[in-house]
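Residue numbers (the working numbering): 1 to 479.
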Ligand SMILES: Cc1cc2nc3c(=O)[nH]c(=O)nc-3n(C[C@H](O)[C@H](O)[C@H](O)COP(=O)(O)OP(=O)(O)OC[C@H]3O[C@@H](n4cnc5c(N)ncnc54)[C@H](O)[C@@H]3O)c2cc1C
C-alpha cells in the first residue's frame, strides 16, 4: 500500500484489477528473461525502489528487474500483461512527483543497463541513445563533437535521457531553447503487450500520422517503455555570459523580466531568487550576495561573442531602468559560471534549513510572477511554514520550496494543504499545477482541476488504447 504521511492528496486506490500478483512462477520467468542476477526481490533489495526524489511518498515493489535490451523489455511486458501485474519503468528515480513510486506494487523495471550512445551525427545534428544514458553523458559526448544537447535539468548528472523524455524535462534554458519535447525526433517504444514500435525518426519535418512521438514524450511511463531515443542537437554556442541584478522587490524584478522580453531579447538564462533564497544561498555558499535585496535576477545569453555582449548590456540597462539597486555583468565565462552558482545551489542551500524539503513547480504567465510569489508568501504565513521561492523567470515556472521538520506535529499535512492552495492560485492566474516536474502520483489529485473532466476521460481512453490491461504505471496518468 502506498504511504503518504501528508494524508489527503495521496494516491487514489481504485478497484482496478491490476494488482501485485508476483509469485514464484513469475519470478522464475523473469529470471529466465533477464538473468537471475538482474532480478531482485528480497525486502532489503526492493526497499530502495519504494521511493524516488519525492519526499512523503513511498510504496514497495515486489520485484525489481534490470533488462539489457529491447527484447528483454518486451518479454517482461508480455509476461506482466498476461499475469495482470503492474510494471513501473524507472531511470534514475530523480523525479519530484512520485512518478516511479509503485503505488500498486508489482515490477519496477530499471532501464539503466541500457546505456549506450548509439550514434552522434554532426551532419544530421542528432544523437541516437538508449534510455539509461544520463543527461550529462549525452551532453558531454555531444560537446566533445562541438554540439549542444539543449535540455538542461538541474538533475543532469544523474537523470537519464529516457526519464527526461518520459517527463518532458525542462531546465534552465527553457525560454530560449524550449524543453525536451522540442528535441525528440523519434522513439523506439515497447507497448504493454510487448509490441515494439518506432515513432518518428531522424527527420525534423515529418507529419505522417498522429504525432505519437509527442504523445509519448511526457507520458510518465504510462503508455510504453522507451528503449531508444533519437534526439536533435544544435551547434554549440561560441560563448555564454551571465549577469546578476538585485532589486528592492520581486515586483521590480518581474517588471524587468517583462521589459527584457519586450526589448526583443530572448535570454538563454533568466532566473530569479526571492529574499529567503538569497539568504539561504549566501549562508551556504558565501558568494557575496546582497542578502538585503528583495529579489535577485540572473540574466544571460549565449551565441556569437559580440551579440552576447550586446544582449547582456541591453538586459542590464533594462534592469537599471526598472530600479535595480546593483548590477554585475560577468565579463568572462568563469565569472558567469560563478554567478550561475547562486541559482544552482538554491536547493542544497534550502535543504540545510530543515530535515525535509518539498520542491514544487507551479507555473503562471510571466507577467504574474510577482503576484504569484506574494500569494505563496501569504499562504506560507497562514500555514506557519517556511516556503522560499526560486525559479525560471523567463518561463513563469516557479519552484516554491517548503522546508519542514516532519517530526514537527502536522507539518506534512500543512505542507500538503498549503501546496493545494498554491496550485489553485496558479490555476486562478491561468497557470498550471506543473511546468516541468510532471504529475506522477503526487499531483494526480489536482489534475482534473487543470484539465477538466472531458480531457481526463480522453486521457483514460488514450491510455486504454496503448495499454488495454492497464499494467503500465497504474495509479498515475490515465488512471
Ligand atoms: C536536484 C534535482 C533537480 C531537478 N531539476 C529539474 C529541472 O531543472 N527540470 C526538470 O524538468 N526536472 C528536474 N528534476 C526532476 C527530474 O530529475 C526529471 O524529471 C528527470 O527527467 C527524471 O529522470 P529520471 O531518469 O530520474 O527518471 P525517473 O525519475 O526514474 O522516472 C521519471 C518518469 O519517467 C518514467 N520513465 C523513466 N524511464 C522511462 C523509460 N525508459 N520509458 C518510459 N518511461 C520511463 C518513469 O516511469 C517515471 O514516470 C530535478 C530533480 C532533482 C532531484
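We treat Cβ as the ideally placed atom computed from N, Cα and C, and that holds for glycine.
Within a 10 Å sphere around the beta-carbon of residue 69 sit fewer than 16 other beta-carbons, which makes this residue exposed. Taking a cut-off of 8 Å on C-beta distances, the region 358-376 touches the region 388-406, as three or more cross pairs fall below it. Exclusion of the five residues before and after residue 74 leaves 190, 194 and 196 as the residues of its chain whose Cβ lies within less than 7 Å of its Cβ. A contact between stretches requires three or more CB pairs, one per stretch, nearer than 8 Å, and the region 332-352 meets this requirement with the region 268-284. Contact between residue 431 and residue 391 is absent: CB atoms are separated by about 12 Å, not below the 8 Å threshold. Contact between residue 259 and residue 321 holds, since their C-beta atoms are separated by about 7 Å, short of 8 Å.
Counting of Cβ neighbours within 10 angstroms places residue 128 among the buried residues, the total reaching 16 or more. Counting of Cβ neighbours within 10 angstroms places residue 224 among the buried residues, the total reaching 16 or more. The DSSP assignment places complete beta strand (DSSP E) segments of no fewer than 3 residues inside the region 249-325 at 269-274 and 295-303, in order along the chain. Burial state of residue 207 is exposed, judged by a 10 Å Cβ sphere holding fewer than 16 other Cβ atoms. Contiguous alpha helix (DSSP H) elements confined to the region 14-52 occur at 24-34 and 43-46, taking only those with 4 or more residues. As for any alpha helix (DSSP H) of minimum length 4 sitting wholly inside the region 352-386, the runs are 369-382, ordered along the chain.
Taking the Cα of residue 158 as reference, the smallest distance to any Cα among 215, 107 and 95 is reached at 95.
In the structure shown, residue 469 falls within a coil segment according to DSSP collapsed to helix, strand and coil. Taking a C-beta distance under 7 Å as the contact criterion, residue 39 and residue 30 qualify as a contact pair. Contact between residue 446 and residue 417 is absent: CB atoms are separated by about 12 Å, not below the 8 Å threshold. Per the C-alpha coordinates, the member of 274, 459, 55 and 203 positioned closest to residue 376 is 274. Within its own chain, the residues whose Cβ lies closer than 6 Å to the Cβ of residue 177, once the five positions on either side in sequence are excluded, are 150, listed in chain order. From the listed residues 232, 303, 278 and 429, the smallest Cα separation to residue 265 is found for 303. Residues 185, 202, 230, 231, 232 and 233 of the same chain have their beta carbon placed closer than 7 Å to that of residue 126, with the five preceding and five following residues left out of the count. If you check the C-beta of residue 433 against ligand 1, you find no heavy atom less than 6 Å away. Remark: the C-beta of residue 300 is outside contact range of ligand 1, defined as less than 6 Å to any heavy atom. In the three-state reduction of the DSSP assignment, residue 228 falls in the strand class, which pools E and B. Cβ contact annotation for residue 136 (same chain, cutoff 7 Å, sequence separation greater than five): 156 and 157, in chain order. Counting of Cβ neighbours within 10 angstroms places residue 130 among the buried residues, the total reaching 16 or more. Distance from the C-beta of residue 381 to the nearest heavy atom of ligand 1 is not below 6 Å. Close CB contacts of residue 421 within its chain, under the 7 Å cut and outside five residues either way in sequence, are with 379 (chain order).
Taken from the Cβ of residue 131, at least one heavy atom of ligand 1 lies inside 6 Å. As DSSP reads the structure, residue 246 sits in a beta bridge with 296 and 326. At least one heavy atom of ligand 1 falls within 6 Å of the beta-carbon of residue 96.
Between the alpha carbons of residue 111 and residue 83 lies a distance of about 21 Å. Rounded to the nearest whole angstrom, the CA to CA distance from residue 270 to residue 62 is 44 Å. The alpha carbon of residue 144 has as its nearest neighbour, out of 163, 132, 162 and 121, the alpha carbon of 121. Boundaries of the alpha helix (DSSP H) harbouring residue 425: 411-428, taken from the DSSP string.
With at least 16 other beta carbons inside 10 angstroms of its own, residue 311 counts as buried. Exclusion of the five residues before and after residue 99 leaves 220, 438 and 440 as the residues of its chain whose Cβ lies within less than 6 Å of its Cβ.
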